[in-house]
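In the working numbering, the protein residues as written are 19 to 118.
Glycine included, C-beta positions come from ideal geometry on N, C-alpha and C.
Set out below in structure tokens:
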């Protein structure tokens, strides 16, 4: 459980990139992607800390899209550090997480 949920700048960029990708697939889908992922992120207020640790951070899988939300929990705050497409090469994912 987290009192606060903080989305770091790089995670916000990840969300924008995902939105752009889905908007190119179908107009309006990018907004649905953003709304869905924001709802998942907001749910961390209730569920932070219950997710398994991958690449040094908790990983919550998004409900409607093949994305993972990576976060750390400290002093009652869930800090979202990355929002990444789980279809990517695991080596790429690991590299992204090492830099965050």
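Query raised in the report: Could you give the residue range of the beta strand (DSSP E) that holds residue 76?
Result: 75-79
Query - Cβ neighbour criterion (16 or more within 10 Å) applied to residue 112 - result: exposed
Query raised in the report: First and last residue of the alpha helix (DSSP H) that includes residue 35?
Result: 27-43
Query raised in the report: Where does the unbroken beta strand (DSSP E) through residue 85 begin, and where does it stop?
Result: Unbroken beta strand (DSSP E) run through residue 85: 85-92.
Query raised in the report: Residues bridged to residue 95 by DSSP?
Result: 22 and 92
Requested in this report: Can you grab the Cα-Cα spacing for the pair residue 38 / residue 31, in whole Å?
Outcome: Rounded to whole angstroms, residue 38 to residue 31 spans 10 Å at the Cα level.
Query raised in the report: DSSP beta-bridge partners for residue 100?
Result: In the DSSP assignment, the residues bridged to residue 100 are 88.
Query - Meets three-Cβ-pair contact criterion under 8 Å: the segment 91-106 and the segment 60-70 - result: yes
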